[in-house]
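Chains as they are written, first to last, in this note's numbering: chain A, 1 to 69; chain B, 1001 to 1522.
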């Protein structure tokens, strides 16, 4: 089930922004953030999960160097 | 020869055409001193036999031909020209055409002229440093250059002037190259495909059609090389930002194996995906520049001969995988791009390559789902302070990305990095069975600037991201032109550590075709 912007109220988004130090976002920015909240929820939920618990993450900041070893 | 139109093809009458060529005393066709100009003749004869009237290939007047690094370097070494003359030609070209294409955001006339005079004096004194000595270049405005404005295309950084050079700039200067200026970029090297006209500089425009998009985020880099306002340029690629502009502008753009080039002094966009790369007009030029840039020379034995020397090798017996199907969840490639890929594969097959059709083991659409999490999350971490303190000064695209990244869960970021490793291993297992893989870069022709949904589709519908995730070297090369004169292209992907095979393959293709003879008319 996809998330939608209506899953979040403007006040919830504003509270989230305050909680994380984003007080300078304007109402217009917060309205856009509300839309994005649904988008990122979907992105995270729809990402396939690895099959095994021991499937490790890419060594994100070393993979590139590993590539030429 | 009858010239149809200044920017259109010449219709060629065989007898007149052959009589018009400059010849040596013994009747052989002579070089024009620019080297490649008359290579076209060989191509025409190969491609069309003696019936040249069937050929609509353009012949670029020598005054408009693009100077190559290889040829200009030879001319400087021979004393036929000087770094000062070469630089002045580029500065004049910038003055003449850059108000139409906006490739530069800063031109350092004083500094570049001083450097050119210094290079000329060194060379005249017998101290030639190598093939880049005295040759002009430019960098995307996310590279630091000492005492030169560094805006990264953002109002947030107006007035910022670094005190030291990015490592890649330092290396090029040490090789004797002359830095002309800074090139247009999407803000902080980031964008969602849309053009919002909300940045401090006008957007770069595609020199093949100035109403069209250049590809991003290295918007000025591809444009400058195609338009001849820079002999070569440096850009940076996180999920396609070197290769997409190269595709849109008909230039050679390469990202080497990640880790090969230093990121020091380049404004970070995404720590785990950022990868710099050069833009050039020819494959040999790309090899020359990459050799000057590399941090560590490759340990792969296939690279032992060096990138430039690899461009002289044949491709008989090379094992090439071809991905013609963009895969589930992706649109088909535009017909001219699909045709160009097929024809390019036919060319290398005729040159002796062994072709095998394959499909990517992971759908490209699935790769996008991973980078759509990794990219915004890392960018939000990098630029958190700006989002907290100055969100109103950002362009829409950057602010959007940082707001999205601020809301992504750590759980999802780690899941994306786990998926990345699965994708990287699967693609590597495929590529390792071949000497190289070829496929599309973009799936569409460059759209009109600011027109949606074509702009976003051009940026999103690509085959570029899988190879950022998989950490393979990848190159874009021009494979012709559409009916409306827009560049076509293919993407060549090599094994990790094996850029030499890409250069070998791309050079063989370039030598068998005439696409480097055409250039934008501005």
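C-beta atoms are modelled at their ideal positions from N, C-alpha and C, and glycine is treated no differently.
Neighbourhood of residue 1272/B by C-beta distance below 7 Å, restricted to the same chain and skipping five residues each side: Against the second chain, residue 1272/B aligns to sequence position 272. For residue 1272/B, where only same-chain residues beyond five positions count, the Cβ hits under 7 Å are 1374, 1378.
Below-8 Å beta-carbon distance, residue 68/A vs any chain B residue: Numbered from 1 along the first chain, position 68 holds the residue referred to as residue 68/A. The predicted position of residue 68/A is uncertain, since its pLDDT is 48 and thus under 50; no value can be drawn from it.
Neighbour-count burial assignment, residue 1507/B, 16 or more Cβ in a 10 Å radius: Position 507 of the second chain, counted from the first residue, corresponds to residue 1507/B. Residue 1507/B should be labelled buried.
Test: residue 1465/B CB closer than 8 Å to a CB of chain A: As a position in the second chain, residue 1465/B is number 465, starting the count at 1. No, residue 1465/B does not count as interfacial toward chain A.
Of the listed residues 1233/B, 1112/B, 1488/B, nearest to residue 1337/B (C-alpha basis): In the second chain, the residue the question calls residue 1337/B occupies position 337. Considering only alpha carbons, the answer is 1488/B.
4-residue-minimum alpha helix (DSSP H) runs that sit fully inside the stretch 1364-1417 of chain B, ordered along the chain: 1364-1382, 1384-1389, 1396-1407
For residue 1475/B, three-class secondary structure by DSSP: The count along the second chain starts at 1 and reaches residue 1475/B at position 475. Three-state result, residue 1475/B: strand.
Segment contact flag, the stretch 1488-1505 of chain B with the stretch 1427-1447 of chain B, C-beta cutoff 8 Å, min 3 pairs: yes
Proximity test, residue 1195/B beta-carbon vs the ligand ZN heavy atom, cut-off 7 Å: Annotation note on the ligand ZN: not contained in the displayed structure, which lists no ligands.
Own chain residues within Cβ distance below 6 Å of residue 31/A, not counting five before or after: The residue given as residue 31/A occupies position 31 in the first chain. Cβ neighbours of residue 31/A beyond the five flanking positions: none.
Where residue 1520/B falls: helix, strand or coil (DSSP): For the purposes of this step, residue 1520/B is taken as residue 520 along the second chain, with counting starting at 1. Residue state, collapsed to three classes: coil.
DSSP-derived helix/strand/coil call for residue 1269/B: The sequence position of residue 1269/B within the second chain is 269, counting from 1. It is coil, neither helix nor strand.
Where residue 1161/B falls, given that 16 or more other Cβ within 10 Å makes a residue buried: Taking the first residue of the second chain as position 1, residue 1161/B is located at position 161. Exposed.
Segment limits, alpha helix (DSSP H) that includes residue 1098/B: As a working mapping, residue 1098/B is identified with position 98 in the second chain. Element bounds for residue 1098/B: 1083-1101.
Rounded Cβ spacing between residue 1141/B and residue 1183/B (contact assumed at less than 8 Å): The residue you call residue 1141/B lines up with position 141 of the second chain. The residue you call residue 1183/B lines up with position 183 of the second chain. Sure, about 6 Å apart at Cβ, within 8 Å.
Neighbour list for residue 1391/B in chain A, Cβ cutoff strictly below 7 Å: For the purposes of this step, residue 1391/B is taken as residue 391 along the second chain, with counting starting at 1. Per Cβ cutoff of 7 Å: 24, 25, 29.
Bridge partner(s) assigned by DSSP for residue 21/A: Here residue 21/A refers to the residue found at position 21 when the first chain is read from its first residue. Note: residue 21/A sits in no beta bridge, so no partner.
DSSP three-state assignment for residue 1320/B, whether helix, strand or coil: For this step, residue 1320/B is matched to residue 320 along the second chain. Correct three-state label for residue 1320/B: strand.
Members of the stretch 1185-1204 of chain B that neighbour chain A once the beta carbon cut-off is set at 7 Å: From the stretch 1185-1204 of chain B, no residue has a Cβ closer than 7 Å to chain A.
Cross-chain neighbours of residue 55/A in chain B, by beta carbon under 8 Å: By 1-based counting over the first chain, the position of residue 55/A is 55. Here the neighbours are 1418, 1421, 1422.
Beta-carbon spacing of residue 1166/B, residue 1288/B below 8 Å: Here residue 1166/B refers to the residue found at position 166 when the second chain is read from its first residue. Here residue 1288/B refers to the residue found at position 288 when the second chain is read from its first residue. Contact: no.
CB of residue 1323/B within 8 Å of CB of residue 1214/B, strictly: For the purposes of this step, residue 1323/B is taken as the residue at position 323 of the second chain. For the purposes of this step, residue 1214/B is taken as the residue at position 214 of the second chain. Cβ atoms of residue 1323/B and residue 1214/B: not closer than 8 Å.
Nearest candidate by alpha-carbon position, reference residue 1212/B, set 1479/B, 1481/B, 1446/B, 1473/B: To locate residue 1212/B, count along the second chain from 1; it is residue 212. Comparing Cα positions, the closest option is 1446/B.
Distance CB(residue 1376/B)-CB(residue 1405/B) smaller than 8 Å: For the purposes of this step, residue 1376/B is taken as residue 376 along the second chain, with counting starting at 1. For the purposes of this step, residue 1405/B is taken as residue 405 along the second chain, with counting starting at 1. Cβ atoms of residue 1376/B and residue 1405/B: closer than 8 Å.
Coarse secondary structure for residue 1491/B, derived from DSSP in three states: In the second chain, counting from the first residue as 1, residue 1491/B sits at position 491. In the structure shown, residue 1491/B sits in a strand (DSSP, three-state: E or B).
Alpha-carbon to alpha-carbon, residue 1521/B and residue 1390/B: Start at 1 with the first residue of the second chain, and residue 1390/B comes out as number 390. Start at 1 with the first residue of the second chain, and residue 1521/B comes out as number 521. Approximately 41 Å, taken between the alpha carbons.
Cβ pair residue 1224/B, residue 1103/B closer than 8 Å: Sequence index remark: in the second chain, residue 1224/B carries index 224 (1-based). Sequence index remark: in the second chain, residue 1103/B carries index 103 (1-based). In contact: residue 1224/B and residue 1103/B (Cβ atoms closer than 8 Å).
Any chain A beta carbon closer than 8 Å to residue 1330/B: On the second chain, residue 1330/B is found 330 positions in, with the first residue counted as 1. Not one beta carbon of chain A lies nearer than 8 Å to the beta carbon of residue 1330/B.
Nearest-angstrom Cα separation, counted from residue 1204/B out to residue 1136/B: As a position in the second chain, residue 1136/B is number 136, starting the count at 1. As a position in the second chain, residue 1204/B is number 204, starting the count at 1. Taking the straight line joining both Cα atoms gives about 20 Å.
Contacts around residue 1243/B, its chain only, beta-carbon distance under 6 Å, and the 5 residues preceding and following it disregarded: Numbered from its first residue, the second chain carries residue 1243/B at position 243. Correct list, in chain order: 1253, 1441, 1464, 1476.
Through-space distance from residue 1448/B to residue 1398/B, alpha-carbon basis: Counted from its first residue, the second chain places residue 1398/B at position 398. Counted from its first residue, the second chain places residue 1448/B at position 448. Computed Cα separation, rounded: 21 Å.
Listed by chain order, chain B residues near residue 46/A by CB distance under 8 Å: Position 46 of the first chain, counted from the first residue, corresponds to residue 46/A. Simply 1369.
Enclosing beta strand (DSSP E) for residue 1279/B [first to last residue]: Position 279 of the second chain, counted from the first residue, corresponds to residue 1279/B. Residues 1275-1280.
Candidates 1504/B, 1124/B, 1386/B: closest to residue 1316/B by CA position: Translated into the one-based positions of the second chain, residue 1316/B becomes position 316. Out of 1504/B, 1124/B, 1386/B, 1504/B has the C-alpha closest to the C-alpha of residue 1316/B.
Nearest candidate by alpha-carbon position, reference residue 1368/B, set 1285/B, 1383/B, 1394/B, 1467/B: Counted from its first residue, the second chain places residue 1368/B at position 368. If we check each option's Cα against that of residue 1368/B, 1467/B comes out closest.
Neighbour flag for residue 1412/B against chain A, beta carbons, 8 Å: Along the second chain, read from residue 1 onward, the residue named residue 1412/B stands at position 412. Yes, residue 1412/B counts as interfacial toward chain A.
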